[in-house]
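These notes are about the structure you will find just below.
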Amino acid sequence: RGGALPLLQPNGQPAAEVVLWVHEAPKHQPAESAVLTPDFAVILGQFDMSNRKCGHHCPKGGCCDSTDCHDQCFHDPMYKDSCTGFIFNDSAQLCTLHRRLKATFVSNGGHSGPGLESSLLFPGAALPGDGGFTIMATIKSAVMNHCQDIISWGDGRGGWMSVELRLTMGVLMYGENPTLGGSWHQVRSKGVQAADGNWHDVAVVRTASGEAFLYADGKQVGVGNVHKRGPQGLYPTARSARVAHAQDCVFQGHVKNVRIFDQALQKAVIKAIQADRLLPLDKVIAKPTTTTLTTTTPTTSTPTTAAPNRTTPAPEPAVRTTSAPHREMSMFGDWGYAPVQALRSMLQRQR
């Protein structure tokens, strides 16, 4: 190889279950049967480690091991709050970091509009009353209406309580009036025109403290504060139209790939999902073998922050999900590396 090799570089409670006129009265266009799987994993980063030296045990490169991949997942500041597992392909020296997720609701969606009777109905699309949540969808519309609800909730009684992710003259907006007698708060995007007839991936992340982050096509496009208290008493069914004090704001176009999570997902995870960097669970949870290693941590509603036990788990097969040419950056071009030697030193100090 010749010469010194580079180190890795840092870089609310639902309403009563009764038949409510707001949702049941109009004839509706049912959403297509959900073909999305709620339980999946996303690739956060993928590293070709074949031309890297990993601390003192691999000074000439080509001998990084699963422990180095483990350290990137659980101790690299860029990934430790979102990574729940890794796949290390020893023969290819390929390290893949992933995050396992489970959506509380998924729907493949369909066409919505022009009227309320042809809006999409999402039965069972309940929002959590406490804690954060994330709503994601892929949309297409060429209509410049003042109000187009991508997905919306009400209390089922025609009251003013509502939660809405919508387009306003093509601008992405999230708003809510989550409690009886409350007021409407909203967050708008900047620099986004989503009613241009093209497909767009959109999302809102609402934290437990009331911050709301808007995303479009993998980029954060808006941030602001809504209510500190999460939505309470909403009917556990949604529409692609407003279903609160008025039944209007029907989305004119297509809504698909609807996913709801009962947690506020990190920016890196949103970006990975919207870039379609998905990893089937049979690639994450694989059958044992004796030559390669795959590890994962149990799915939880909060990110892993504590340093895990470094005991090597039972070997499982690694999966090389894509080709990985030798290059200084990851295959995605914008993912950083923490120095493996520095990570090892930090772990030694913790012991």
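Heads up, the sequence shown is in the working numbering, so the first residue is 159 and it goes up one at a time.
Glycine included, every Cβ here is placed at the ideal spot set by N, Cα and C.
Should P389 go down as buried or exposed, given a rule of 16 or more other Cβ atoms within 10 Å for buried? Along the sequence shown, one-based indexing puts residue 389 at 231. So P389 ends up on the buried side.
Here's the rule: buried if 16 or more other CB atoms are within 10 angstroms of the residue's CB, otherwise exposed. What is N356? On the sequence shown, residue 356 is found 198 positions in, with the first residue counted as 1. The residue is exposed, with fewer than 16 neighbouring Cβ atoms inside 10 Å.
Complete runs of the beta strand (DSSP E) confined to the region 269-347 [at least 3 residues]: As far as the region 269-347 is concerned, its whole beta strand (DSSP E) runs of at least 3 residues are 278-281, 291-298, 306-312, 320-326, 329-335 and 343-346.
Is the distance from the Cβ of N415 to the Cβ of A300 below 8 Å? In the sequence shown, the residue the question calls residue 415 occupies position 257. In the sequence shown, the residue the question calls residue 300 occupies position 142. In this structure, N415 sits away from A300, with a CB-CB distance that is not shorter than 8 Å.
A430 by DSSP, collapsed to three states: which one? By 1-based counting over the sequence shown, the position of residue 430 is 272. Under the three-state reduction of DSSP output, A430 falls in the helix class.
Is the distance from the Cβ of R210 to the Cβ of E322 below 8 Å? Here residue 210 refers to the residue found at position 52 when the sequence shown is read from its first residue. Here residue 322 refers to the residue found at position 164 when the sequence shown is read from its first residue. Contact flag unset, no.
List the residues that DSSP assigns as beta-bridge partners of K425. Mapped onto the sequence shown, residue 425 falls at position 267. Partner(s): none; K425 has no beta bridge.
Is the beta carbon of R417 sitting closer than 8 Å to the one on V264? Stepping through the sequence shown from its first residue, residue 417 is reached at position 259. Stepping through the sequence shown from its first residue, residue 264 is reached at position 106. Less than 8 Å separates the beta-carbon of R417 from that of V264.
Where T395 sits in the DSSP three-state scheme: Taking the first residue of the sequence shown as position 1, residue 395 is located at position 237. Note: T395 maps to strand in three-state DSSP.
Just confirm the distance between the C-beta atoms of A430 and T365, as a whole number of angstroms; I'd bet it's less than 8 Å. Residue numbering aside, residue 430 sits at position 272 when the sequence shown is read from its first letter. Residue numbering aside, residue 365 sits at position 207 when the sequence shown is read from its first letter. About 19 Å; that fails the 8 Å criterion.
Is the beta carbon of F232 sitting closer than 8 Å to the one on C241? Reading the sequence shown from its first residue, position 74 is the one you call residue 232. Reading the sequence shown from its first residue, position 83 is the one you call residue 241. Against a cut-off of 8 Å, the Cβ pair of C241 and F232 comes out as a contact.
Among G289, L278 and M207, nearest to S249 - alpha-carbon criterion: Locating residue 249 in the sequence shown gives position 91, where the first residue counts as 1. Comparing Cα-Cα distances from S249 to each of G289, L278 and M207, the minimum goes to M207.
Please report the residue range of the alpha helix (DSSP H) in which F232 lies. Residue 232 sits at position 74 when you count from the first residue of the sequence shown. The continuous alpha helix (DSSP H) containing F232 extends over residues S224 to H233.
Per-residue DSSP class, three states only, for P439: For the purposes of this step, residue 439 is identified with residue 281 of the sequence shown, where counting begins at 1. Residue 439 is actually Leu in this sequence, not Pro. In the structure shown, L439 sits in a helix (DSSP, three-state: H, G or I).
Taking Cβ to Cβ, would you say Q410 is nearer than 8 Å to G271? Numbered from 1 along the sequence shown, position 252 holds the residue referred to as residue 410. Numbered from 1 along the sequence shown, position 113 holds the residue referred to as residue 271. Closer than 8 Å, so yes.
C-alpha distance - A353 paired with C305, whole-angstrom precision: Counting from 1 along the sequence shown, the entry for residue 353 is found at position 195. Counting from 1 along the sequence shown, the entry for residue 305 is found at position 147. When rounded, the distance between both Cα atoms is 11 Å.
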